[in-house]
Amino acid sequence: MPDHDLSEALRLRVAEAAATETALRIVGSGSKQFYGNHCAGEPLAMHAHAGIVDYEPGELVITARSGTKVLDIEKQLAAHRQMLAWDPPRFGPQATIGGAIATGLSGPRRAYTGAARDYVLGVTVVTGRGEIQAFGGRVIKNVAGFDVSRLMTGALGTLGVILDVSLKVLPLPECEMTLVFPCDVSTAIGQMNQLARHPGLSGTSHYDGQMYIRFSGSTHSVQAASAAAGGVVVSDADVPWERLREQTHPFFADDGRVLWRLSLAPATPPLPLPGDWLIEWGGAQRWLKSNTEATAVRAAAERHGGHATAFRYQPDAVGAFHPLSPPAARLHRRLKECFDPVAILNRGRLYAL
Amino acid sequence: MDKAHQSRFFAALRRVIPSRLILVAEHERAVYECDGLAVYRQPPLAVVLPETVAQVQDVVRLARDYEMPVVPRGAGTGLSGGALPCAEGILLVLAKLNRVLGVDPINRTATVEPGVRNLQVSEAAAPYGLFYAPDPSSQIACTIGGNIAENAGGVHCLKYGLTVHNVQSLVWINADGERLCSGGSGLDGPGLDIASLLIGSEGLLGVVVEATVRLLPRPAETAVILAGFAELAPAAEAVAAIIATGVIPAGLEMMDNLAIRAAEDYCAPGYPVDAAAILLIELDGDAGEIEAQTECVARVLRRLDVTTFVVARDEARRRCLWAGRKAAFAAVGRLAPDYYCMDGTIPRARLAYVLAEIQNLSRHYRLPVANVFHAGDGNLHPLILFDGNQPDELRRALDFGGRILELCVAVGGSITGEHGVGVEKLDQMCTQFAPKVLTQFHGIKAAFDPGRMLNPGKAVPSLARCAEFGMMHVHSGQLPFPDIERF
Ligand SMILES: Cc1cc2nc3c(=O)[nH]c(=O)nc-3n(C[C@H](O)[C@H](O)[C@H](O)COP(=O)(O)OP(=O)(O)OC[C@H]3O[C@@H](n4cnc5c(N)ncnc54)[C@H](O)[C@@H]3O)c2cc1C
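Here you go:
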């Protein structure tokens with residue numbers, strides 16, 4: 528795969544924008560444009576800054592330019608029987624790794640193998656000052672300096688334009704098996720959290736009276752775990768994980784209601800909010816389709832120590848992200864200022880600060 | 060700082076925290092003059108030992124108002140001088156905040172105060188078949204607060220991650236004395252990932268007063284493989300080769316001959332004393348998985364001419380094999396009056412090269428070195444042996460250590476994997492990071508702590524210091540050992 532390094536050109540664009548105080552809107556492939564708050568600005572296209580810079584399977588580390596397609600990276604890794612273990616949602620075949628890291632979203636495996644941020648070893652960014660800065664590195668342990676690589680993950684491009692990322696990768700499991708159980712949501716939540724004691728559990732979901740679970744690992748252990756769990760084995764064509772990860776599952780279709788994402792302690796009992804629910808991550812990630820008041824959704828999440836994101840289809844008046852406490856908001860503002868003093872990068876996409 | 064200002068501060072301090080929790084007598088302060096890196100010593104102006112979070116807040120607020128530096132401290136086992144006191148500041152010891160607030164077996168979390176010792180968390184989780192994965196060798200003594208501040212690791216981090224991967228949320232006090240919560244009851248929190256910045260920030264950004272950590276189910280079974288090699292190089296090669304097969308061991312540790320013999324003399328774990336190096340490889344899972352993985356590892360080891368190959372399955376034998384590794388620092392410590400423990404990380408593929416270079420440096424500095432380390436993580440712990448009472452040996456040991464860290468950076472690694480920068484590695488930070496990145500770090504520090512009162516002078520060097528350090532390198536005529544090529 529050829530390496531197209533546009534770092535310097537991108538840096539110049541940002542430096543110019545900083546000098547003229549021109550807002551920039553960072554665009555990978557646009558697959559996750561819906562996510563976060565609306566932000567205006569000249570588009571800064573990243574897709575041409577693409578290529579795998581370094582991949583050493585024995586080190587379990589890959590470094591790629593941010594415009595590289597997630598699919599291309601996954602293809603490379605699969606050739607060496609490795610994977611991106613947080614199942615980055617692509618939401619489109621052109622999705623870039625920069626967008627995956629900037630949104631910090633994770634797929635079905637997340638509850639069991641860790642989130643996007645857990646796999647980011649290093650990033651190179653252009654700050655809002657138009658400076659290229661490298662944080663972290665390519666080694667799996669590194670406590671020198673503040674962990675800016677993780678900070679950039681999920682920052683939605685508000686602190687820097689990601690140029691390159693180094694990611695830890697994991698071996699593909701030798702075997703996977705998905706089982707389905709008919710049950711109601713309370714039973715499912717209880718079951719999922721019981722099953723989480725099995726180290727091979729790698730996916731859980733509940734929707735419309737069906738609980739799906741997945742085991743990963745050696746053939747022997749997957750078979751043993753599946754036999755012990757009971758349930759009906761699901762054929763490869765019917766496993767739900769890709770449809771959940773990509774939100775192509777019919778639940779996620781636009782039907783005029785807001786799609787909420789609630790992040791809660793997994794064993795939290797079902798919340799009394801009107802709407803349809805789809806549960807993932809053993810109960811730690813809950814999707815709600817509802818037109819209930821935003822404040823009611825957020826209050827319900829908060830009562831259980833969690834937070835709620837208006838993920839898709841929300842009206843502009845509803846802020847995408849859960850409001851911050853005053854000291855946390857102040858800290859966010861100061862961090863923004865220290866990376867992007869004139870606020871040109873994805874202004875307002877995370878919070879209006 | 061003038062005395063009148065100090066006495067006003069202490070008068071105010073006594074109003075918010077009982078006098079018995081404030082230590083000002085010289086002999087009491089002396090107890091706290093250093094952490095685990097005893098070559099740096101400095102008693103603080105006073106030691107404060109709060110018993111409640113509200114007291115922590117009050118102390119931080121007062122310190123801000125009186126512009127008094129605050130150095131947080133847990134158990135003081137840190138190995139980079141992170142908890143070294145400031146002469147003109149207070150040492151905020153969090154050891155009395157030591158309650159396990161709760162274990163939630165269904166959600167698999169534990170909520171603890173910062174002064175809880177690392178091992179206590181796993182002990183509290185054990186009745187539920189759960190454990191807390193990060194297990195530093197110092198786990199009987201070190202605190203969760205200190206672990207968070209250093210992003211501590213342990214022998215099981217290869218598979219189960221470092222502290223940062225196992226902390227779910229933090230309650231912390233900012234430089235204004237306000238209480239914040241970062242993270243959530245679920246697997247993430249709203250907004251920027253502030254908890255990730257706090258973890259590994261060495262007490263520069265805030266004071267952690269509560270942590271909710273993730274607990275993992277105990278694996279069904281465990282096996283430990285002891286593999287001995289006649290040469291260092293194939294042992295080093297085996298590390299990357301095992302991981303390249305797709306097996307992720309729960310632990311993958313290496314010891315060289317000096318460390319092997321020291322451990323064998325100390326507690327007779329049954330290591331081959333004539334081996335140039337051993338690997339300890341822990342595999343866990345169910346019986347079938349362990350069998351398959353053992354076979355896979357054995358194939359790699361045979362190809363690399365392993366000379367000793369022992370598989371320990373029963374608990375007693377496994378414990379015995381690990382005992383040598385766990386006691387290795389203490390064991391090596393008996394070989395010389397002093398030792399200096401380093402903590403660099405490198406890509407696994409460069410292990411053989413770096414170990415050979417360390418041997419060259421050892422000859423050059425005329426100081427022996429033992430290696431006991433987290434090989435699977437590429438995290439080196441060279442232990443440099445010296446005698447601080449011999450003229451020049453301490454300086455040689457410090458220079459030798461500095462060169463090892465520069466070597467780590469040169470091969471694409473880092474100057475610290477888990478012990479932190481503290482005061483010890485400030486100069487090497489200048490090697491690892493460009494001035495503009497250091498400036499960015501100072502910016503982050505200022506965003507959290509505009510008055511720069513939390514653990515000032517640690518972890519991130521001033522640019523002036525780097526300029527001075529750079530001079531030393533540039534003017535090679537003045538280098539201590541100009542005949543060695545620079546990395
Ligand atoms: C024999 C030995 C073996 C060791 N093995 C390992 C190992 O295997 N892995 C490893 O990672 N480390 C190891 N260490 C190093 C050390 O134990 C760890 O760094 C540990 O995390 C320090 O914890 P502590 O409570 O002693 O912290 P301290 O030494 O008291 O403090 C360390 C740092 O944390 C800050 N701090 C402490 N508490 C707080 C708080 N509540 N809020 C904010 N900041 C705080 C301090 O300011 C300081 O910068 C070892 C040390 C020894 C002596």
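First to last, the sequence lines map onto chains U and C. What the first sequence shows, in this note's numbering, is residues 528 to 880, in sequence order. What the second sequence shows, in this note's numbering, is residues 60 to 546, in sequence order. Backbone N, C-alpha and C fix where the C-beta goes; we use that ideal spot for every residue, glycine too.
The C-beta separation of U:Val666 from C:Gly437 comes to about 6 Å, placing the pair in contact by the 8 Å criterion. Closest in C-alpha terms to C:Arg407, from the list C:Asp343, C:Glu312, C:Arg362, C:Ile253, comes C:Glu312.
Around the beta carbon of C:Gln449, a 10 Å sphere encloses fewer than 16 other beta carbons of the protein chains shown; the residue is thus reported as exposed.
Neighbours of C:Gly213 in chain U, taken as residues whose beta carbon is under 9 Å from its own, are absent, since the nearest beta carbon is some 11 Å off.
Between C:Gly259 and U:Val670, the CB-CB gap stays under 8 Å. Residues of the region 92-117 of chain C with a C-beta atom less than 7 Å from some C-beta of chain U do not occur. By a beta-carbon distance limit of 8 Å, C:Leu264 contacts C:Leu256. Their separation comes to about 6 Å. If you look at C:Asn430, you'll find it in the beta strand (DSSP E) that goes 428-432. DSSP, reduced to helix, strand and coil, places C:Asp247 outside both helices and strands of the structure shown, so it counts as coil.
Counting along the chain, C:His423 sits inside no beta strand (DSSP E); it lies in the alpha helix (DSSP H) bounded by residues 410-424.
Here U:Ser762 is exposed: its Cβ has fewer than 16 other Cβ atoms, across all protein chains shown, within 10 Å. DSSP places C:Gln101 outside both helix and strand once states are collapsed to three, so it counts as coil. Along the region 153-170 of chain C, going in chain order, the ones with a CB nearer than 7 Å to a CB of chain U are Ile165, Asn166, Arg167. For the region 592-663 of chain U, the full-length beta strand (DSSP E) segments reaching 3 residues or more read 647-653, 659-663 along the chain. Residues of the region 652-671 of chain U whose Cβ lies closer than 8 Å to any Cβ of chain C, in chain order: Thr654, Glu658, Gln660, Ala661, Phe662, Gly664, Arg665, Val666, Ile667, Lys668, Asn669, Val670, Ala671. For secondary structure counted as the alpha helix (DSSP H) over 4 or more consecutive residues, the region 201-280 of chain C holds these complete runs in sequence order: 203-209, 216-219, 253-257.
Counting only Cβ-Cβ distances below 7 Å, C:Phe492 has contacts in chain U at Gly672, in chain order.
Residue side-chain check: C:Cys93 keeps its Cβ at 7 Å or more from all non-hydrogen atoms of ligand 1. Ligand 1 approaches C:Lys517 closely enough that one of its heavy atoms is under 7 Å from the residue's Cβ.
About 5 Å separates the CB atoms of C:Leu153 and C:Pro173; that is less than 8 Å, so the two are in contact. Per DSSP, the continuous alpha helix (DSSP H) segment holding C:Glu354 begins and ends at 346-362.
Taking the Cβ atoms as the reference, U:Ala756 lies roughly 30 Å from U:Leu800, outside the contact range of under 8 Å. The beta carbons of U:Pro726 and C:Pro276 sit about 6 Å from each other, so the pair counts as a contact at 8 Å. In this structure, DSSP gives U:Ile579 an extended state, which the three-state scheme calls strand. Annotation for C:Thr271: Thr168, Thr170, Gln227, Ser228 place their beta carbon closer than 6 Å to its own, counting only its chain and skipping 5 residues before and after. For C:Leu311, there is no enclosing alpha helix (DSSP H); the residue is part of the beta strand (DSSP E) that begins and ends at 310-315. By the rule that beta-carbons nearer than 8 Å mark a contact, C:Pro131 does not touch chain U. Counting C-beta pairs with one atom in each stretch, the region 337-356 of chain C and the region 741-749 of chain U have three or more that are closer than 8 Å, which means they touch.
Comparing alpha carbon positions, the residue from C:Val159, C:Lys62, C:Ile165 closest to C:Ser181 is C:Val159. In this structure U:Tyr840 is in contact with U:Leu786, their Cβ atoms being roughly 5 Å apart against a cut-off of 8 Å.
In this structure, U:Ala754 sits away from U:Ala638, with a CB-CB distance that is not shorter than 8 Å. When 9 Å is used as the limit between beta carbons, C:Asn438 is near these residues of chain U: Val666, Ile667, Lys668, in chain order. The region 685-703 of chain U and the region 60-69 of chain C do not touch, with fewer than three beta-carbon pairs separated by less than 8 Å.
Annotation: Cβ neighbours of U:Tyr878 in chain C (cutoff 8 Å, chain order): Gly250.
Boundaries of the alpha helix (DSSP H) harbouring U:Thr714: 712-722, taken from the DSSP string. Short note on C:Asn233: C-beta not closer than 7 Å to any heavy atom of ligand 1.
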